[in-house]
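Residues 1 to 226 (UniProt numbering) make up the sequence shown, in order. For every residue, glycine included, the Cβ atom is placed at its ideal position computed from N, Cα and C. Just so you know, these numbers come straight off a predicted model, no measurement behind them. Have a look at the structure below before the remarks.
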Amino acid sequence: MALDAPAGRKARGGFALPGHAFAAPPRAMRRPRVILFVKEPRPGRVKTRLARDVGATAAARWFRAQALRTARELARDPRWETILAVSPDAEGLTSRVWPAHLRRMPQGRGDLGARMARALRDAPAGPALIVGGDVPGANRARIARAFALLRGADAVFGPAEDGGFWLVGLARGAAPPPSGLFQGVRWSSPHALSDSLRTFAGRRVAFAETLRDVDHAADLDALRTR
1 MALDAPAGRK ARGGFALPGH AFAAPPRAMR RPRVILFVKE PRPGRVKTRL
51 ARDVGATAAA RWFRAQALRT ARELARDPRW ETILAVSPDA EGLTSRVWPA
101 HLRRMPQGRG DLGARMARAL RDAPAGPALI VGGDVPGANR ARIARAFALL
151 RGADAVFGPA EDGGFWLVGL ARGAAPPPSG LFQGVRWSSP HALSDSLRTF
201 AGRRVAFAET LRDVDHAADL DALRTR
């Protein structure tokens, strides 16, 4: 799932800052947190739009492979802690699909916005990012640049080409998260990012690189030809 920019929005912020590296924090500080949102890869439960083109089983297999690839890639970096936010809660917490060494947390109830807002509010003080588990290109270099952007902003978004976003993060400093975080967002639509930005009114928002989500067979074809 990309975290479901308006189409054509261009990345701005960190990529105009050459040499602005993200360094590991002192040991006394809690490490930044990357929260990877994943679902159990059951046919019919994941990538339902992709399933209409390639079939439910093929879509679930693709989701599983991509989510595992992303989890392993991000967990290799010691500069942050990678945590899996799983759904459904009970099944995900005991699932053998995901790497056993990674910490897990339940996503809980509610729509995507309610679950993401809860994960960000419950995170300890310090920068935290939520990343869609199935987005090709969500690699360590891009995550590091997103954290770097949070040094000069309250929030960061990684837009998706379809109007959603693949990443969202908060600096988690003195100011608490917005009270209406992600309320009224039209998920799985071209308005997901623009609606989400309205819930960050008055906050400094930076933008990471725009990536392409995989929701249709054409997206898979484009991925294979890159």
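Per DSSP, what kind of secondary structure is residue i in: helix, strand or coil?
i    : result
G126 : coil
T82  : strand
R151 : coil
L211 : strand
F22  : Caution is warranted here: a pLDDT of 49 is assigned to F22, below 50, making its placement in the model unreliable, and the coordinate value is therefore given only provisionally. F22: coil per DSSP, three-state reduction.
Measure the C-alpha to C-alpha separation of residue i and residue j and round it to an integer number of angstroms.
i    : j    : result
R69  : H101 : 15 Å
A71  : G133 : 7 Å
D213 : L3   : 9 Å
A117 : R186 : 15 Å
T57  : G152 : 43 Å
N139 : A51  : 25 Å
Rounded to whole angstroms, how far is the Cβ of residue i from the Cβ of residue j, which I believe are closer than 8 Å?
i    : j    : result
L33  : A123 : With the sequence shown as reference, residue 33 is identified as Arg, and Leu is not the correct amino acid for it. Correct: roughly 6 Å between the Cβ atoms.
R145 : A208 : 6 Å
Among the options, which has the Cα closest to the Cα of residue i?
i    : options             : result
G202 : A155, S188 and R109 : A155
W62  : Q183, R45 and I143  : R45
D215 : A59, Q183 and V205  : A59
L223 : G180, D77 and V135  : V135
L193 : P178, L167 and R204 : L167
Sorted by chain position, which residues of the same chain lie with C-beta nearer than 7 Å to residue i's C-beta, five sequence neighbours on each side aside?
i    : result
L93  : V86, R104 and P106
L150 : P127, V156, G169 and A171
R64  : P41 and V97
Does any residue of chain C bring its CB to less than 7 Å from the CB of residue i?
i   : result
G44 : Protein chains in the displayed structure number just one, and chain C is not present.
Only counting the same chain, and skipping five residues up and downstream in sequence, which positions put a Cβ closer than 6 Å to that of residue i?
i    : result
W98  : L84
A125 : R172
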